[in-house]
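Residue numbers (the UniProt record's numbering): 1 to 161.
Worksheet: one structure, shown below.
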């Protein structure tokens, strides 16, 4: 019985990932064509992502997502939250350093993504990420757990294209 449950969970995860990938393709196509997202696509996004969607779109509109890259090839995203606090998101796992992610996504499993991680996905699909190249040391510092709590400055958010 346990094995059957694991198989069903894996299938559900695969299906969710496939739906997400397909939705993001439609976001990219629609945005490239008209610089806007049609209502039917917004409805589909809301059905899949629920509560974080509107806040994520607001972050995208405010150009709050910055892709950080370093010479070693590492990639992370910095999202300037609505409160002005920068959060780090990792694209490979949809991880975010915010408390909402820790509590609502990981512990309670109420939603799959926080608004910051969703903003990263949408911003990348829409081609609206800011980009910033940082040193390997700076990237390592950025990815060190608790670096923000230690009072260290994260890489600065840039509003330049």
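Cβ atoms here follow ideal geometry from the backbone N, Cα and C, with glycine treated the same way.
Source: prediction; values computed, not measured.
Put simply, the backbone Cα of residue 127 is about 11 angstroms away from that of residue 66.
Here the alpha carbon of residue 117 sits roughly 31 angstroms from the alpha carbon of residue 4. Note on geometry: alpha-carbon atoms of residue 8 and residue 97 lie some 29 angstroms from one another. In terms of Cβ geometry, residue 120 and residue 145 do not form a close pair [threshold 8 angstroms].
Residues of the same chain with a CB within less than 7 angstroms of the CB of residue 49, apart from the 5 flanking positions on each side, are 113 and 118 in chain order.
For residue 77, the uninterrupted beta strand (DSSP E) segment begins and ends at 75 to 80. In the DSSP secondary-structure assignment, residue 88 is bridged to 78. By the criterion of a C-beta distance shorter than 7 angstroms, residue 100 is surrounded in its chain by 114, once the five residues flanking it on both sides are discounted.
Counting along the chain, no alpha helix (DSSP H) covers residue 65; the unbroken beta strand (DSSP E) around it starts and ends at 65 to 69. Between residue 56 and residue 122, the gap from beta carbon to beta carbon is short of 8 angstroms.
Taking 8 angstroms as the cut-off, the Cβ atoms of residue 27 and residue 41 count as close. An exposed status is given to residue 72, since fewer than 16 other beta-carbon atoms sit within 10 Å of its beta-carbon. Between residue 139 and residue 76 a beta carbon distance of about 7 angstroms is seen, short of the 8 angstroms cut, so the two are scored as contacting.
Comparing alpha-carbon positions, the option among 108, 51 and 94 lying closest to residue 124 turns out to be 94. For residue 131 and residue 54, the gap between their C-alpha atoms comes out near 23 angstroms.
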